[in-house]
Every structure is written in structure tokens, then in C-alpha cells.
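Q: Our numbering puts the first residue of the sequence shown at 1, with every later residue one more than the last. All residues carry an ideal CB built from backbone N, CA and C; glycine is no exception. The following block contains the structure, expressed as C-alpha cells.
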Amino acid sequence: MGAHRSEPGGYAGAARAAGSAGSAGAAGVGPSAQDAVRAVSLPVATDLFADRLLAVLSGQRPVHWMLRHTAGRAYDELVWLAERGALRTRGARPVVRDIGYYEPRPGAVEAFARIGAGDQLRAMAFRLEQGRDRRWRCTAVELGGPRMPRTKDDLP
Numbered sequence: 001m002g003a004h005r006s007e008p009g010g011y012a013g014a015a016r017a018a019g020s021a022g023s024a025g026a027a028g029v030g031p032s033a034q035d036a037v038r039a040v041s042l043p044v045a046t047d048l049f050a051d052r053l054l055a056v057l058s059g060q061r062p063v064h065w066m067l068r069h070t071a072g073r074a075y076d077e078l079v080w081l082a083e084r085g086a087l088r089t090r091g092a093r094p095v096v097r098d099i100g101y102y103e104p105r106p107g108a109v110e111a112f113a114r115i116g117a118g119d120q121l122r123a124m125a126f127r128l129e130q131g132r133d134r135r136w137r138c139t140a141v142e143l144g145g146p147r148m149p150r151t152k153d154d155l156p
């Protein structure tokens, strides 16, 4: 159901484990092995994307760094948030303090991250979806505060 990370960068060991297990799952090993790979890859993906999104939204990386890691409207949302300096701070550098996620269906994850900078705490929510190529991509990102306005193209 959920994951929890207590310190920034805590996914490095799990990423190595997922990488080695991922090759076995891709070779056509039974469903139980695929479930195990997914169980390891979800926390790795949420941790990795939380760090990537934080790097962009805090101004440490340019927005285009996330271009191939986003799908749909997420890139536009990221540009809109980055232009407003959503997680830029003076003084303490923001870090991911905690992460949780919910898997509404296989191949989709809704995650949240608590972002800390000094004594300030912010929330970030994002959605990841796994494509046919088995790569995770961010399809939505939100922070507390105003949301990006909808356009005519967004309406049904």
C-alpha cells in the first residue's frame, strides 16, 4: 500500500536491487517474481521522482531536465510551478523528508512527499504511470497553493 523514507537519497540500495531483479522479471519469470519486482520498483520510482521534481522546483535543475520523464500535462504543470519559484528558499536547501504512495491500479502510483527547508514544511503530490516501455513517467504534479489554470484543450 504505502512506502516511507526517513532520509533523503535512501533509495540507492533499493535501486540497485530493482535493477538486478528487473532483468529477471523481464525474462518472463512467473507472476510472483513480477510482483516482487513491482514491489521494489514502486518505492524506488517514487523516491527518484520526488528528488527529481524537488531539484527542478527548487531551481537546482532546469525544467527541461524532466522533459523525457513526464507525460501529458505534467510538463506544463512543472513549467508553471517552476516559473513561480514554488520550492525555492533562502537559507536552508529543501530536502525530501518523507514519502508515501498509493497504487490505485497496477502501473499507476499516486505519491506525496513532505519537503523540508529549515523549519518550513511543504507538501508535494505527483502521479506516476508506467508506459508500455515499462518506464515510469510523471503525469501530474501539485503543490499546496494555486493550480495551473485549465485551457480549452483540457476541457472534455
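So, using beta-carbon positions, are Trp65 and Ala74 closer together than 9 Å?
A: Walking along the sequence shown from the start, residue 65 turns up at place 65. Walking along the sequence shown from the start, residue 74 turns up at place 74. No, the Cβ-Cβ distance between Trp65 and Ala74 is not below 9 Å.
Q: Report the rounded CA-to-CA distance for Gln60 versus Gly118, giving the unit in angstroms.
A: Translated into the one-based positions of the sequence shown, residue 60 becomes position 60. Translated into the one-based positions of the sequence shown, residue 118 becomes position 118. Annotation: Gln60 to Gly118 spans about 17 Å, alpha carbon to alpha carbon.
Q: Does DSSP put Leu42 in a helix, a strand or coil?
A: Position 42 of the sequence shown, counting from 1, holds the residue named residue 42. In the structure shown, Leu42 sits in a helix (DSSP, three-state: H, G or I).
Q: Could you tell me which residues DSSP pairs with Arg114 in its beta bridges?
A: On the sequence shown, position 114 is the one that residue 114 refers to. Asp98 and Ala123, per the DSSP bridge assignment.
Q: Cα separation between Ala140 and Phe112?
A: On the sequence shown, residue 140 is found 140 positions in, with the first residue counted as 1. On the sequence shown, residue 112 is found 112 positions in, with the first residue counted as 1. Cα to Cα, the separation comes out at about 12 Å.
Q: Using the Cα positions of Gly116 and Asp47, report the straight-line distance between them to the nearest angstrom.
A: Residue numbering aside, residue 116 sits at position 116 when the sequence shown is read from its first letter. Residue numbering aside, residue 47 sits at position 47 when the sequence shown is read from its first letter. When rounded, the distance between both Cα atoms is 15 Å.
Q: Starting from Leu143, follow the alpha helix (DSSP H) in both directions and report where the run begins and ends.
A: The residue given as residue 143 occupies position 143 in the sequence shown. Unbroken run through Leu143 is the beta strand (DSSP E), Trp136 to Leu143; no alpha helix (DSSP H).
Q: What is the rounded straight-line gap between the Cα of Ala92 and the Cα of Ser58?
A: Here residue 92 refers to the residue found at position 92 when the sequence shown is read from its first residue. Here residue 58 refers to the residue found at position 58 when the sequence shown is read from its first residue. Those two C-alpha atoms are separated by around 11 Å.
Q: Quick check: what's the CA-CA separation for Arg84 versus Leu143?
A: Numbered from its first residue, the sequence shown carries residue 84 at position 84. Numbered from its first residue, the sequence shown carries residue 143 at position 143. Each residue's alpha carbon lies about 12 Å from the other.
Q: Within a Cβ cutoff of 6 Å, which residues of the same chain sit near Arg122, ignoring the five residues on either side of it in sequence?
A: Here residue 122 refers to the residue found at position 122 when the sequence shown is read from its first residue. Only Ile115 meet the Cβ criterion.
Q: May I ask which residues mark the beginning and end of the alpha helix (DSSP H) holding Ala82?
A: Counting from 1 along the sequence shown, the entry for residue 82 is found at position 82. Element bounds for Ala82: Ala74 to Glu83.
Q: Which of the three DSSP states, helix, strand or coil, is assigned to Gly28?
A: Working through the sequence shown from its first residue, we reach residue 28 at position 28. Because the pLDDT of Gly28 is 48, which lies under 50, any placement of that residue in the model is unreliable, and the number read from its coordinates should be weighed accordingly. In the structure shown, Gly28 sits in coil (DSSP, three-state: anything other than H, G, I, E or B).
Q: State the Cα-Cα distance for the pair Arg68 and Gln120, rounded to the nearest angstrom.
A: By one-based count along the sequence shown, residue 68 stands at place 68. By one-based count along the sequence shown, residue 120 stands at place 120. C-alpha separation (whole angstroms): 31 Å.
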